[in-house]
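> According to UniProt numbering, the sequence shown holds residues 1 to 203 in order. This structure is in structure tokens; I'll ask about it shortly.
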Amino acid sequence: MEKKRTEARSTPARSRDRGRATRHRLIEATAGLCKERPGAEVSVAEIANAAGVFPNQVTYYFGSKDSLLVHAAFLGLLHDARRIERIGRQAPDAAAFRRNIARAVLAMPSLPSVARALAAGISKPELAPVVDRHLQLLFRQSERFVSQLLDSRGWRTRRPLSAETRTFWSTALGAVLLVRAGAHGTGADLDLAGALTIHDEPG
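As structure tokens, this is what we get:
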């Protein structure tokens, strides 16, 4: 009897584990497809094939393809952000940090997908909370990185840390949205480094 109760309890746990693994495979597969083909449409069939699942599992786990695309876009962005943190740590001074970070962010392969995710959050209110959750995670991760960097280097910012990270990412993502909307120009027209107030001068 005890063995049956244990098996009954473990079955839902195994089902939840399988569900989490399937969700993860779907997000990873979609992020990979978006990275390979930035800005291109990705079908549910292609996503399912890449993840090794049935097409109806996309809607079962995420409600819609658009919701899955939002998750995948921000997964790609967080991966890119970690790579950019490594670039930031190599900067010899604060001025080089500002320049290098700005240049690297504007070249991130995940940005076109993130621009689409932001547009989806605007046009489809049901996706706005998903977008906001991922943005808050990005802000927290960036704030933690900058805080550790400031402590280790003795650098300072001229505004609160939360405002520093939000201002920087808002500027970067806003620039990408403008380009996606058809605005003319290149990264050279944007002073993204100027959105950072991190400095190493005394006083």
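In this text, a Cβ means the ideal position worked out from N, Cα and C, and glycines have one as well.
1. Are the segment 144-161 and the segment 190-200 in contact at 8 Å, needing three or more beta carbon pairs?
2. Just the Cα atoms here: how many angstroms apart are S110 and S170?
3. Could you tell me if A45 is buried or exposed, where buried requires 16 or more neighbouring beta carbons within 10 angstroms of its beta carbon?
4. In whole angstroms, what separates the C-alpha of A48 from that of L68?
5. Please classify R156: does DSSP put it in a helix, a strand, or coil?
6. A51 and R25: beta carbons closer than 8 Å?
7. Roughly how many whole angstroms lie between the Cα atoms of E143 and L161?
8. So, are the CB atoms of L177 and L106 less than 8 Å apart?
9. A29 and D66 look like a contact to me (Cβ under 8 Å); what is the Cβ gap, rounded to whole Å?
10. Evaluate I27 with the Cβ neighbour count: other Cβ atoms within 10 Å of its Cβ, from every protein chain shown; 16 or more gives buried, anything less gives exposed.
11. So G76 and C34 are in contact, right, with Cβ under 8 Å, and what is the actual spacing, rounded?
12. Out of A31, T22, V179, state which residue places its alpha-carbon closest to the alpha-carbon of F74.
13. Look up H199 in the DSSP assignment and give the residues it is bridged to.
14. How many Å lie between R82 and A104 at the Cα?
15. Within this structure, are the beta carbons of L78 and Q141 separated by less than 8 Å?
16. Return the CA-CA distance between L149 and E85, expressed in angstroms with no decimal places.
17. Less than 8 Å between the beta carbons of F145 and R166, yes or no?
18. Along the chain, where does the alpha helix (DSSP H) containing L68 start, and where does it finish?
19. Using beta-carbon positions only, say whether L118 and L173 come within less than 8 Å of one another.
20. Which value, in whole angstroms, describes the spacing of the CA atoms of S43 and Q90?
21. How would you label F168, buried or exposed, when you count the other beta carbons within 10 angstroms and need 16 or more for buried?
Taking the geometry as given:
1. yes
2. 15 Å
3. exposed
4. 11 Å
5. strand
6. yes
7. 6 Å
8. no
9. A29 to D66, Cβ: 16 Å. No contact.
10. buried
11. 6 Å
12. A31
13. R156
14. 11 Å
15. yes
16. 10 Å
17. no
18. 65-89
19. yes
20. 39 Å
21. buried
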